[in-house]
């Protein structure tokens, strides 16, 4: 299934994308796409519905973030060998884990705000993993059973804030609008192998990133297991799994985002995002 949220900011409703690409409104009684709705029992209620019997959403509504109010937005750094190489870093012996503040979450086509004082706002297309059942100290062999689905994540990053402002990556990762997710949450039954997905990103029509999740240093299963050793992963939590080569920091010379540009990114089977960059008010 392809699940989504649509409507004005703060007024999103849950829906699904039918086989013809039309948005169907889910019953309001089912609530929003987050927390308990993403557990196996909650998802089963949606799966039991006949999409053809659901009302078609008219027009071309705004698409919101595909997960409502994620409790945790966990990110993984330098998880593609080619990206590590372009930054001059050695491939990590263990996953590099940091957090993106949930106030960064926006819809897939919402504006990306270049923060005040930014000189090095960068792009990163990533596979997002959405948790569907609580995971604590799980083994990699069992980890994917705790995943409800996948989505496109744009891990927007301000490199000066991240690397030149006294340590800790979080301050360069969690700025407002730095976490577009969606357009859809695609359930695991439609993505049999998360390590066989192509992902790409373009700025103003120029393709900078074109990679595959097959090149991850640590697989999705390994990442879920690893993170679950440090905290309980709960339904609706998101793990962004790293980015392939082609970020702005890795260009020769480096290239960074400025207001007035258009960024497009996507992952096979998970849809695409389009964002306009704007200056902070």
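Numbering (this note's numbering), first residue to last: 8 to 288.
We put the CB at the ideal spot given by N, CA and C, even for glycine.
As the structure is a computational prediction, the values presented were derived from the model and not from experiment.
Here residue 246 is buried. Its C-beta has 16 or more other C-beta atoms within 10 Å. One alpha carbon belongs to residue 202, the other to residue 73, and they sit about 21 angstroms apart. Annotation: residue 154 to residue 233 spans about 14 angstroms, alpha carbon to alpha carbon.
In this structure, the beta-carbon distance from residue 115 to residue 187 falls below 7 angstroms. Counting only runs of 3 or more residues that sit fully inside the stretch 173-241, the beta strand (DSSP E) segments are 192-194, 205-210, 213-219, in chain order. Within the model, the alpha-carbon separation for residue 244 versus residue 156 is close to 11 angstroms.
Assignment of residue 133 by DSSP, reduced to helix, strand and coil, places it in the strand class. Taken in chain order, the complete beta strand (DSSP E) segments of 3 residues or longer contained in the stretch 74-158 are 80-84, 103-106, 119-121, 132-138.
Residue 199 and residue 131 have their C-alpha atoms roughly 24 angstroms apart. Between residue 211 and residue 166, the beta carbon gap of about 19 angstroms keeps them out of contact (Cβ cut-off 8 angstroms).
The continuous alpha helix (DSSP H) containing residue 49 extends over residues 47-54. For residue 20, there is no enclosing alpha helix (DSSP H); the residue is part of the beta strand (DSSP E) that begins and ends at 20-24.
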